[in-house]
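Step one of this worksheet: look at the structure below.
Numbering (our numbering), first residue to last: 138 to 282.
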């Protein structure tokens, strides 16, 4: 499979995106510990008492960033993998994957650091362009056959 240069590029960027999602999960846990805001009573009891079984706006922000990743990266994993087997130009495919990756990175940084609007929404929109491009190419390929 890795003889397919496009698929190898896809796997590289997909792995970076999954690592980014793990990083957001770790950040969420660290924010929970720092803010003493736990989602489960047993965790709150371990860290000081049931009064820490509560929500916190900073923890919620991290969770929203993570949920947004799941809503966007999971579809990219499917679309990008199928697209990889359509034999696209390797440079064009690499650019598709890179734009999505950079858009998601900027989106996450903007979300977690509460950067001013419209940075996050622009990053989101830019990352969607290669996804729509790849999806359209998949649909066209399926219709042709």
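Ideal placement from N, C-alpha and C gives every residue a C-beta, glycine not left out.
N- and C-terminal bounds of the alpha helix (DSSP H) containing residue i
{"i": "residue 197", "result": "194 to 221"}
{"i": "residue 257", "result": "256 to 281"}
{"i": "residue 239", "result": "227 to 249"}
Those residues which DSSP pairs with residue i across a bridge
{"i": "residue 190", "result": "175"}
Test item: CB-CB of residue i and residue j under 7 Å
{"i": "residue 237", "j": "residue 264", "result": "yes"}
{"i": "residue 196", "j": "residue 160", "result": "no"}
{"i": "residue 156", "j": "residue 202", "result": "no"}
{"i": "residue 220", "j": "residue 275", "result": "yes"}
{"i": "residue 199", "j": "residue 165", "result": "yes"}
{"i": "residue 227", "j": "residue 142", "result": "yes"}
{"i": "residue 214", "j": "residue 162", "result": "no"}
{"i": "residue 216", "j": "residue 268", "result": "yes"}
{"i": "residue 189", "j": "residue 181", "result": "yes"}
{"i": "residue 193", "j": "residue 158", "result": "no"}
{"i": "residue 260", "j": "residue 243", "result": "yes"}
{"i": "residue 247", "j": "residue 257", "result": "yes"}
CB-CB length for residue i against residue j, believed under 8 Å
{"i": "residue 187", "j": "residue 178", "result": "6 Å"}
{"i": "residue 147", "j": "residue 218", "result": "6 Å"}
{"i": "residue 241", "j": "residue 154", "result": "6 Å"}
CB contact below 7 Å: residue i versus chain C
{"i": "residue 153", "result": "Note that chain C does not occur in the displayed structure, where there is just one protein chain."}
Residue i CB to nearest heavy atom of the ligand MG below 6 Å
{"i": "residue 275", "result": "The model depicted lacks the ligand MG and carries no ligand whatsoever."}
Check: Which runs of the alpha helix (DSSP H) spanning at least 4 residues fall entirely within the segment 142 to 172, listed in chain order?
Finding: 142 to 172
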